[in-house]
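**Student:** Heads up: the sequence shown is residues 55 to 417, going by our numbering.
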Amino acid sequence: MPRDTPLQAQYYTQPDWFEVDKEKIFFRTWQCVCHVSEIADPGDFKTFTIVDEDIFVIREPDGGINAFYNICRHRGHPLVEGTGKGRRVLVCPYHAWTYEINGRLRRAPGSVKSDGLTCDQINLRKIKVEEFCGFVFVNMDENASAMAPDLEDYRQNLLSFHPDPTQLKFVCETEIAHDSNWKLSVENYNECYHCPTVHASSLTHGVLEMDGYTTVPHGKTIWHDGKAQTKNERQYDYDLTSSPRADDYGAYWIFPNVSMCCYPGGYFTIRQFLPVAWNKTIYRYRWFSSGDIADQDVIALMHKHKETTGAEDEVVVSKIQKGMQSRAFEPGPYVIGDGCGAMSEVGLRHFHNLYRDALGEAG
Numbered sequence: 055m056p057r058d059t060p061l062q063a064q065y066y067t068q069p070d071w072f073e074v075d076k077e078k079i080f081f082r083t084w085q086c087v088c089h090v091s092e093i094a095d096p097g098d099f100k101t102f103t104i105v106d107e108d109i110f111v112i113r114e115p116d117g118g119i120n121a122f123y124n125i126c127r128h129r130g131h132p133l134v135e136g137t138g139k140g141r142r143v144l145v146c147p148y149h150a151w152t153y154e155i156n157g158r159l160r161r162a163p164g165s166v167k168s169d170g171l172t173c174d175q176i177n178l179r180k181i182k183v184e185e186f187c188g189f190v191f192v193n194m195d196e197n198a199s200a201m202a203p204d205l206e207d208y209r210q211n212l213l214s215f216h217p218d219p220t221q222l223k224f225v226c227e228t229e230i231a232h233d234s235n236w237k238l239s240v241e242n243y244n245e246c247y248h249c250p251t252v253h254a255s256s257l258t259h260g261v262l263e264m265d266g267y268t269t270v271p272h273g274k275t276i277w278h279d280g281k282a283q284t285k286n287e288r289q290y291d292y293d294l295t296s297s298p299r300a301d302d303y304g305a306y307w308i309f310p311n312v313s314m315c316c317y318p319g320g321y322f323t324i325r326q327f328l329p330v331a332w333n334k335t336i337y338r339y340r341w342f343s344s345g346d347i348a349d350q351d352v353i354a355l356m357h358k359h360k361e362t363t364g365a366e367d368e369v370v371v372s373k374i375q376k377g378m379q380s381r382a383f384e385p386g387p388y389v390i391g392d393g394c395g396a397m398s399e400v401g402l403r404h405f406h407n408l409y410r411d412a413l414g415e416a417g
């Protein structure tokens with residue numbers, strides 16, 4: 055398929071394509087689990103689901119981080135749930151098989167020598183794990199390349215907002231269910247062509263200035279940059295003098311489904327588009343502050359966003375999903391315009407081509 059042509063409807067509407075996405079994209083890319091502060095001490099853990107695979111990350115006594123599939127090596131029962139603190143060992147709730155924090159089996163109750171069970175030979179299945187910009191990422195692909203080397207420019211850019219992202223403080227999170235394929239949710243995020251109409255009374259009215267707003271592809275990322283919109287009543291309270299970039303808006307997406315978003319005034323949110331089914335996606339927002347913003351102000355912005363911009367996006371992506379399922383639908387051409395401005399779909403085109411590359415489709 056030509057690289058200047060939008061994806062056809064089948065990529066969004068056929069369950070078989072969702073299975074392809076799962077195997078070729080989500081099981082082979084870096085997925086964000088949590089902030090480093092959420093597993094700060096030895097034995098702290100957090101679980102996460104990548105489509106239909108459950109994993110967890112856990113802090114080691116030496117300060118390192120391990121990541122494992124969340125299944126016991128005996129009968130597959132989950133080892134842990136949710137989050138936890140200070141685990142010295144991992145005990146399966148089913149048959150009490152007990153593992154060290156490093157994944158090695160320590161004990162299998164009731165086993166005898168004739169069972170042929172050797173603890174040294176049984177370990178939890180490990181997953182690649184990496185810390186990037188203060189966040190913990192995992193990749194189920196055993197042959198995956200390291201995440202950070204290709205994202206050095208991205209990291210430096212984020213540091214211009216938050217010089218030490220490990221010090222960000224997690225405050226709250228919310229989720230919005232999208233009745234749409236995950237790609238539609240990502241596409242909607244990566245263009246602001248819809249902002250003047252869909253977000254006329256929210257994002258573009260007291261948060262983000264459309265004049266000078268840019269969407270620029272960078273390798274496997276897309277950078278959205280703009281200025282705080284101060285001509286109207288502000289959608290939330292923020293101090294434009296609190297830091298050198300306090301009057302800037304920056305949203306920096308990483309293929310395939312995560313973005314780090316810096317709001318005016320030092321607010322920070324990491325966005326994740328979590329696929330559930332071919333027509334179901336969870337849009338997760340996790341909100342942080344740089345430490346000098348009151349928790350109640352962050353929580354207020356979370357609710358404000360969910361009730362306005364978030365709710366508006368939920369409606370449009372669900373309607374687009376339904377429209378794509380019509381026998382009459384064929385995608386129209388990209389609107390590139392000036393190439394990177396607010397009314398350009400250059401981000402949409404870039405995402406489509408990254409998607410084609412991940413599937414191994416020739417251009």
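No residue lacks a Cβ here, since even glycine has one placed at the ideal position from N, Cα and C.
Computed from a predicted model, the values in this text were never measured in an experiment.
1. Expressed to the nearest angstrom, what Euclidean distance is found between the alpha-carbon atoms of ARG338 and SER398?
2. Excluding the 5 residues preceding and the 5 following PRO310 in the sequence, name in chain order all residues of the same chain whose CB lies nearer than 6 Å to its CB.
3. Quick test of your reading: ARG127 and LEU178, contact by CB under 8 Å. State the CB separation rounded to the nearest angstrom.
4. My guess is that CYS86 and VAL111 are in contact by the Cβ rule of under 8 Å, so how many angstroms apart are they, rounded?
5. Would you say ASP98 and GLY136 are within 8 Å of each other, going by their C-beta atoms?
6. Does the contact criterion of 3 or more C-beta pairs under 8 Å hold for the region 360–367 versus the region 264–273?
7. Taking the alpha-carbon positions, what's the GLU229 to PHE102 distance?
8. In chain order, what are the residue ranges of uninterrupted alpha helix (DSSP H) at least 4 long that sit wholly in the region 350–393?
9. To the nearest angstrom, how far is it from the Cα of LYS334 to the Cα of SER234?
10. In the DSSP output, which residue or residues are listed as bridge partners for ASP279?
11. Would you say the region 325–333 touches the region 230–249, given that touching needs at least three Cβ pairs under 8 Å?
12. How many Å lie between VAL134 and LEU144 at the Cα?
13. Is any beta-carbon of chain D found at less than 8 Å from that of TYR243?
14. Output needed for ASP301: all residues of its chain with C-beta closer than 7 Å, excluding positions within five of it in sequence on either side, in chain order.
15. Cβ of ASN244 within 8 Å of Cβ of LEU402?
16. From this set, SER91, CYS394, ASP58, LYS223, which residue's C-alpha is nearest MET247's C-alpha?
17. What residues in its chain sit with their C-beta under 8 Å from that of ARG129, if we drop five residues either side in the sequence?
18. Over the uninterrupted alpha helix (DSSP H) stretch that includes TYR66, give me the two end residues.
19. Pull up the distance between the alpha-carbon of PRO163 and that of TRP151, whole angstroms please.
20. In whole angstroms, what is the alpha-carbon distance linking ARG113 and SER91?
21. Going along the chain, which unbroken runs of the alpha helix (DSSP H) with 4 or more residues stay wholly within the region 204–237?
22. Nearest-angstrom Cα distance between PHE81 and PHE215?
23. State yes or no: is the C-beta of ASP351 within less than 8 Å of the C-beta of ASP291?
24. With burial defined as no fewer than 16 other Cβ atoms inside 10 Å of the residue's Cβ, what is the status of ASP392: buried or exposed?
25. Does the beta-carbon of ASP74 have 16 or more other beta-carbons within 10 angstroms, so that it is buried, or is it exposed?
26. According to DSSP, GLN326 sits in a beta bridge with which residue or residues?
**Tutor:** Reading from the atomic positions:
1. Translated into positions along the sequence shown, residue 338 becomes position 284. Translated into positions along the sequence shown, residue 398 becomes position 344. Cα-Cα distance, rounded: 25 Å.
2. Numbered from its first residue, the sequence shown carries residue 310 at position 256. These residues qualify, in order along the chain: ILE79, THR83.
3. On the sequence shown, residue 127 is found 73 positions in, with the first residue counted as 1. On the sequence shown, residue 178 is found 124 positions in, with the first residue counted as 1. ARG127 to LEU178, Cβ: 7 Å. Contact.
4. Reading the sequence shown from its first residue, position 32 is the one you call residue 86. Reading the sequence shown from its first residue, position 57 is the one you call residue 111. With 8 Å as the limit, CYS86 and VAL111 do not qualify as a contact, their Cβ atoms being about 11 Å apart.
5. In the sequence shown, residue 98 corresponds to position 44, counting from 1. In the sequence shown, residue 136 corresponds to position 82, counting from 1. No, the pair does not count as a contact, with Cβ atoms beyond the cut-off.
6. No contact exists between the region 360–367 and the region 264–273.
7. Sequence index remark: in the sequence shown, residue 229 carries index 175 (1-based). Sequence index remark: in the sequence shown, residue 102 carries index 48 (1-based). C-alpha separation (whole angstroms): 14 Å.
8. Correct list: 365–378.
9. Sequence index remark: in the sequence shown, residue 334 carries index 280 (1-based). Sequence index remark: in the sequence shown, residue 234 carries index 180 (1-based). Rounded to whole angstroms, LYS334 to SER234 spans 5 Å at the Cα level.
10. Numbered from 1 along the sequence shown, position 225 holds the residue referred to as residue 279. Per DSSP, THR268, GLY304.
11. Counting Cβ pairs under 8 Å, three or more are found: they touch.
12. For the purposes of this step, residue 134 is taken as residue 80 along the sequence shown, with counting starting at 1. For the purposes of this step, residue 144 is taken as residue 90 along the sequence shown, with counting starting at 1. Answer to the nearest angstrom: the Cα atoms are 8 Å apart.
13. Of the chains in the structure shown, none is chain D; there is only one protein chain.
14. Position 247 of the sequence shown, counting from 1, holds the residue named residue 301. Around ASP301: LYS281, ALA282, LEU294, PRO318.
15. Mapped onto the sequence shown, residue 244 falls at position 190. Mapped onto the sequence shown, residue 402 falls at position 348. In terms of Cβ geometry, ASN244 and LEU402 form a close pair [threshold 8 Å].
16. Indexing the sequence shown from 1 puts residue 247 at position 193. Rather than Met, the amino acid found at residue 247 in this sequence is Tyr. Nearest option by C-alpha distance: CYS394.
17. Numbered from 1 along the sequence shown, position 75 holds the residue referred to as residue 129. Cβ neighbours of ARG129 beyond the five flanking positions: TYR148, HIS149.
18. Stepping through the sequence shown from its first residue, residue 66 is reached at position 12. Here the alpha helix (DSSP H) through TYR66 covers 64–67.
19. Numbered from 1 along the sequence shown, position 109 holds the residue referred to as residue 163. Numbered from 1 along the sequence shown, position 97 holds the residue referred to as residue 151. So the two alpha carbons sit approximately 7 Å from each other.
20. Start at 1 with the first residue of the sequence shown, and residue 113 comes out as number 59. Start at 1 with the first residue of the sequence shown, and residue 91 comes out as number 37. Looking at the two C-alpha atoms, the distance is approximately 10 Å.
21. With a minimum length of 4 residues, the unbroken runs of alpha helix (DSSP H) contained wholly in the region 204–237 fall at 206–213.
22. Here the question's residue 81 lines up with position 27 in the sequence shown. Here the question's residue 215 lines up with position 161 in the sequence shown. Taking the CA atoms as reference points, PHE81 sits about 31 Å from PHE215.
23. Indexing the sequence shown from 1 puts residue 351 at position 297. Indexing the sequence shown from 1 puts residue 291 at position 237. Annotated as proximal: ASP351 and ASP291, with beta-carbon spacing under 8 Å.
24. Looking up residue 392 in the sequence shown gives position 338. In this structure ASP392 is exposed. Its beta-carbon is surrounded by fewer than 16 other beta-carbon atoms within 10 angstroms.
25. What you label residue 74 is simply residue 20 of the sequence shown in a count that begins at 1. The amino acid occupying residue 74 in the given sequence is Val; Asp does not appear at that position. Result: exposed.
26. On the sequence shown, position 272 is the one that residue 326 refers to. VAL312, ARG338.
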